[in-house]
Amino acid sequence: MKKIAILQPNYLPWKGVFDMIYQVNQFVFLEDVQYTQHDWRNRNKIVTSDGVKWITVPVKNSDRFEQKIYEAHIDNRYNWRRKHKNAIAINYKKARYFEQYKYILDEIYDREWETISELNMYTTKMIAKVLGIGTSFISSLEIPTTGEKTDRLIEICKYLEADAYLSGPAAKSYIEDRKFIDNNIKLEYIEYNYPVYKQLYGEFEHGVTILDLIFNCGPESMKYIVNS
0 MKKIAILQPN
10 YLPWKGVFDM
20 IYQVNQFVFL
30 EDVQYTQHDW
40 RNRNKIVTSD
50 GVKWITVPVK
60 NSDRFEQKIY
70 EAHIDNRYNW
80 RRKHKNAIAI
90 NYKKARYFEQ
100 YKYILDEIYD
110 REWETISELN
120 MYTTKMIAKV
130 LGIGTSFISS
140 LEIPTTGEKT
150 DRLIEICKYL
160 EADAYLSGPA
170 AKSYIEDRKF
180 IDNNIKLEYI
190 EYNYPVYKQL
200 YGEFEHGVTI
210 LDLIFNCGPE
220 SMKYIVNS
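Numbering (numbering that gives the first Met the number 0), first residue to last: 0 to 227.
Structure representation (structure tokens):
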């Protein structure tokens with residue numbers, strides 16, 4: 000059985016995204032859909048001594064309604080890379096595995112990025128490799144489709160010769176289950192249910208970037224990702 004998942008490329012995703020990537024044979028970055036403001040595409044959370052804080056990548060014309068994710072260009076007039084790198088380094092320098100994995104920050108921030116998709120896809124694939132996840136990746140721009148919503152998901156499954164599709168739980172409200180049944184594609188929904196680990200500050204927070212887990216748990220990170 001070949002199983003796939005389809006999701007927009009997100010900035011330094013949380014562990015749930017890597018759980019989804021781990022569970023499938025191929026992961027599709029959904030780039031050619033509308034770019035949404037104040038979303039996970041260009042921001043995420045880190046744990047700090049002052050509580051959980053957002054770090055946000057500036058995007059040009061982020062309020063343009065018709066703009067697709069792959070068209071969203073980063074506004075490099077602002078030195079956001081240095082700001083983000085410093086913020087992460089300062090707040091995680093005391094983490095048990097920070098020194099071992101701080102090269103990740105160099106990989107991400109010591110180069111210039113043109114688009115949010117380019118940044119997000121590269122970093123997601125790079126971090127998956129760090130975690131030892133062998134899933135293959137493809138962009139939706141490489142897959143010809145004509146349908147929308149559930150029909151498009153099924154077209155992508157068929158193009159990739161997948162007979163199982165793993166979805167996030169939020170999609171239950173709009174996915175048409177019957178269409179998957181009619182096309183002999185098994186529809187599954189991921190369950191986000193993870194154990195806590197030792198974070199540096201305050202009350203435990205699940206919904207933060209994967210870097211929090213890596214810096215705190217290092218080579219044991221997958222034990223806190225794989226959904227038992």
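Ideal placement from N, C-alpha and C gives every residue a C-beta, glycine not left out.
Please tell me whether residue i and residue j are closer than 8 Å, where the distance is taken between their beta carbons.
{"i": "PHE28", "j": "ALA4", "result": "no"}
{"i": "LYS14", "j": "ILE224", "result": "yes"}
{"i": "LYS67", "j": "VAL32", "result": "yes"}
{"i": "THR55", "j": "ASN41", "result": "yes"}
{"i": "THR47", "j": "TYR200", "result": "yes"}
{"i": "GLU154", "j": "GLY146", "result": "yes"}
{"i": "ALA94", "j": "PHE214", "result": "yes"}
{"i": "VAL51", "j": "VAL195", "result": "no"}
{"i": "ILE174", "j": "THR149", "result": "yes"}
{"i": "PRO57", "j": "GLU30", "result": "no"}
{"i": "TYR158", "j": "ILE142", "result": "yes"}
{"i": "TYR69", "j": "THR114", "result": "yes"}
Report the option in the options whose CA atom is closest to the CA atom of residue i.
{"i": "ILE107", "options": "ILE68, LEU210, ILE137", "result": "LEU210"}
{"i": "GLY131", "options": "VAL58, TYR96, GLU219", "result": "GLU219"}
{"i": "TYR212", "options": "TYR100, PRO8, ARG80, PHE64", "result": "Residue identity differs from the one stated: residue 212 is Leu in this sequence, not Tyr. It is TYR100 whose Cα lies nearest to the Cα of LEU212."}
{"i": "ILE189", "options": "GLN7, PRO12, ASP18, PRO8", "result": "ASP18"}
{"i": "TYR21", "options": "LYS52, VAL129, ALA170, TYR121", "result": "VAL129"}
{"i": "GLN198", "options": "MET120, ILE45, GLU30, TRP39", "result": "ILE45"}
{"i": "LEU11", "options": "ALA88, PHE136, LEU165, MET120", "result": "MET120"}
Using the Cβ count rule (16 or more neighbours within 10 Å means buried), how would you classify residue i?
{"i": "ASP105", "result": "exposed"}
{"i": "ILE103", "result": "buried"}
{"i": "HIS37", "result": "exposed"}
{"i": "TRP112", "result": "buried"}
{"i": "ILE73", "result": "buried"}
{"i": "ALA127", "result": "buried"}
{"i": "LEU140", "result": "exposed"}
{"i": "ARG80", "result": "buried"}
{"i": "TRP53", "result": "exposed"}
{"i": "ASN85", "result": "exposed"}
Please state whether DSSP places residue i in a helix, a strand or coil.
{"i": "LEU6", "result": "strand"}
{"i": "GLN66", "result": "coil"}
{"i": "LYS44", "result": "strand"}
{"i": "LYS124", "result": "helix"}
{"i": "LYS187", "result": "Residue 187 is actually Glu in this sequence, not Lys. It is a strand residue."}
{"i": "LYS96", "result": "The displayed chain sequence assigns Tyr, not Lys, to residue 96. It is coil, neither helix nor strand."}
{"i": "LEU118", "result": "helix"}
{"i": "PHE203", "result": "coil"}
{"i": "GLY217", "result": "helix"}
{"i": "THR149", "result": "helix"}
{"i": "TYR164", "result": "strand"}
{"i": "GLN22", "result": "helix"}
{"i": "VAL225", "result": "coil"}
{"i": "TRP53", "result": "strand"}
ask   = Below 8 Å, can you find three or more Cβ-Cβ pairs linking the region 87-98 to the region 177-194?
value = no
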